[in-house]
Amino acid sequence: VRFLVSGRKERVSSSLLEEIKALEEKTSRNTGITFNIAFNYGGRAEIVDAVNQLLQEKKEKISEEDISSHLYQNIPDPELIIRTSGEFRISNFLLWQLAYAEIYVTDTLWPDFDEKSLDLVLENFQKRERRFGGVYEKQNYCCTDRNSYSNFCYFIWWNSIVNFHKFCCRNWNLGVLSYD
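As numbered in the numbering used here, residues -18 to 161 make up the sequence shown, in order.
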């Protein structure tokens, strides 16, 4: 598991910041799962911080790639967002990265979200036609083994990261956001 913390760190105590940096460094070469905690995080703030870094670099013209490369973390954009508790909002979460993500909303609360719930989400995701902003062109995302999905799942869940481990399958880039 690779451990990351995304968000503004200016107001974080120096002792906590040292612990975060040490754990990020210790796990930096780990592969398979990325455990990304959004701490003091806001999607708008992330975009503003990226643009301000580019302005400090005296960039005259800013591209999408420039902004993407200056976000808090260099991790793949999510392909699927699972929103528990029936909420139909993204709550200032990964605003830049969600451009082409599929969104699945379920009334199931996080503590009740189990493997059966995840299987229903994956079944739904397999049936979607991904266009990535373009015109219809059939993309085949039909996959029956959830272990073969790679870099697609971010849980937007507000309150508990205790059950994080129950959905950790190999090759997943899984971000859990604690909020509310």
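Backbone N, C-alpha and C fix where the C-beta goes; we use that ideal spot for every residue, glycine too.
Rounded straight-line distance, which links the Cα of residue j to that of residue i
{"i": "E(-1)", "j": "R112", "result": "42 Å"}
{"i": "H51", "j": "K42", "result": "14 Å"}
{"i": "L61", "j": "N105", "result": "11 Å"}
{"i": "S98", "j": "T65", "result": "10 Å"}
{"i": "T8", "j": "S(-5)", "result": "20 Å"}
{"i": "E38", "j": "S44", "result": "14 Å"}
{"i": "I1", "j": "D95", "result": "29 Å"}
{"i": "E46", "j": "D100", "result": "34 Å"}
{"i": "G13", "j": "R(-8)", "result": "31 Å"}
{"i": "Q107", "j": "K40", "result": "41 Å"}
{"i": "A3", "j": "I71", "result": "30 Å"}
Buried or exposed (CB count within 10 angstroms, at least 16 for buried), residue i
{"i": "Y53", "result": "buried"}
{"i": "Y22", "result": "buried"}
{"i": "C123", "result": "Confidence in C123 is poor, its pLDDT being 43 and thus under 50, which makes the residue's placement unreliable; the coordinate value appears in the next sentence. Exposed, since its Cβ has fewer than 16 Cβ neighbours within 10 Å."}
{"i": "F69", "result": "exposed"}
{"i": "L36", "result": "exposed"}
{"i": "V(-18)", "result": "exposed"}
{"i": "L(-3)", "result": "exposed"}
{"i": "V157", "result": "Here the model assigns V157 a pLDDT of 39, short of 50, so the residue's position is not dependable, and the following value carries that caveat. V157 is buried by the Cβ-count criterion."}
Nearest candidate by alpha-carbon position, reference residue i, set the options
{"i": "R109", "options": "Q37, D93, E83, S49", "result": "E83"}
{"i": "W91", "options": "A3, I63, L76", "result": "I63"}
{"i": "L76", "options": "T12, K2, I28, E46", "result": "I28"}
Cβ pair residue i, residue j closer than 7 Å
{"i": "Y85", "j": "V102", "result": "yes"}
{"i": "I48", "j": "A31", "result": "yes"}
{"i": "D58", "j": "Q78", "result": "yes"}
{"i": "W115", "j": "D88", "result": "According to the sequence provided, residue 115 is Gly. The question's Trp does not apply to it. Cβ distance not < 7 Å, so G115 and D88 don't count as in contact."}
{"i": "N55", "j": "G24", "result": "no"}
Exercise. Is it true that the stretch 16 to 32 meets the stretch -15 to -5, where meeting means three or more beta-carbon pairs spaced less than 8 Å apart?
Worked result: yes
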